[in-house]
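Chemist: This is the structure, below, for whatever I ask next.
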Amino acid sequence: QNVQRKVLRTICPDAKGLIAKITNICYKHELNIVQNNEFVDHRTGRFFMRTELEGIFNDNTLLADLDSALPEGSLRELHSTGRRRIVVLVTKEAHCLGDLLMKSAYGGLDVEIAAVIGNHDTLQSLVERFDIPFHLVSHEGLTREQHDREMTAKIDQYQPDYVVLAKYMRVLTPAFVQHYPNQVINIHHSFLP
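Numbering (UniProt numbering), first residue to last: 1 to 193.
This is the structure we're talking about:
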């Protein structure tokens with residue numbers, strides 16, 4: 001088996017000895033801790049820890065061992081540190097998308113842009129210059145729910161790690177956001193979407 005690098009994220013109610021419990025489980029699994037960061041939000045009483053690990057992983061056993069050691073109400077996630085796959089949503093303005101395309105193409109942003117989806121075709125030629133698929137999913141004549149279904153069907157074809165809104169000028173519905181929990185990133189300056 002190959003040595004892999006993964007990130008373990010832990011969020012749980014604060015308690016004494018959490019760092020020791022988590023790192024001891026990692027040690028028992030013969031995983032090397034490459035980097036570790038943690039903090040406590042005293043206002044909410046929540047503990048947060050991000051641990052970058054290296055080794056041969058048995059994800060299910062590791063997560064089960066963590067579940068048995070951590071307080072009730074804990075969340076833990078294990079993610080590969082590989083290049084993230086994103087789908088970008090756009091409307092008509094090119095500057096945010098152009099920045100993503102250039103940085104991705106020249107190594108300034110370590111992501112794979114799997115596809116760009118727009119509700120207008122204005123940016124299609126720009127996207128195609130980078131040999132990335134562009135899909136038009138117009139909202140014209142559709143209810144918000146119908147448009148959501150078409151968007152999620154198209155996005156899901158690419159199985160992205162994240163959905164990035166690059167000056168996407170439509171308000172997302174709660175159902176759309178819930179379909180991609182903790183996966184939607186808005187890079188526009190507005191809090192609106």
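A virtual CB, placed ideally from N, CA and C, is assigned to each residue, including glycine. Small disclaimer: the values here were computed from a predicted structure and weren't measured.
#1: So, with DSSP's three-state summary, where would you put M102?
#2: Keeping to the same chain, check which residues put their C-beta closer than 6 Å to that of S161; ignore five residues upstream and five downstream.
#3: Could you check if L143 is buried or exposed, using at least 16 other CB atoms within 10 Å of its CB as the buried criterion?
#4: Tell me whether D110 is buried or exposed, calling it buried when 16 or more other Cβ atoms sit within 10 Å of its Cβ.
#5: Spell out the partners DSSP gives M49 in its beta bridges.
#6: Just tell me which of A69, E54, T61, A94 has its CA closest to the CA of F82.
#7: Would the stretch 2 to 20 count as touching the stretch 35 to 52 if we require 3 or more Cβ pairs under 8 Å?
#8: What three-state label does DSSP hand N60 in the structure shown?
#9: Under a three-way DSSP split, which group does I25 fall into?
Modeler: Considering the structure as presented:
#1: Helix, per DSSP.
#2: Contrary to the premise, residue 161 reads as Asp rather than Ser in this sequence. Closer than 6 Å at the Cβ level, and outside the excluded window around D161, lie R84, R85.
#3: The sequence as given places Thr at residue 143; Leu does not occur at that position. Result: exposed.
#4: The C-beta of D110 has fewer than 16 other C-beta atoms within 10 Å across all chains shown, which makes the residue exposed.
#5: T10, E38
#6: Reading off the sequence, residue 82 comes out as Gly, not Phe. Among A69, E54, T61, A94, the Cα nearest to that of G82 belongs to E54.
#7: Verdict: yes, contact present.
#8: helix
#9: helix
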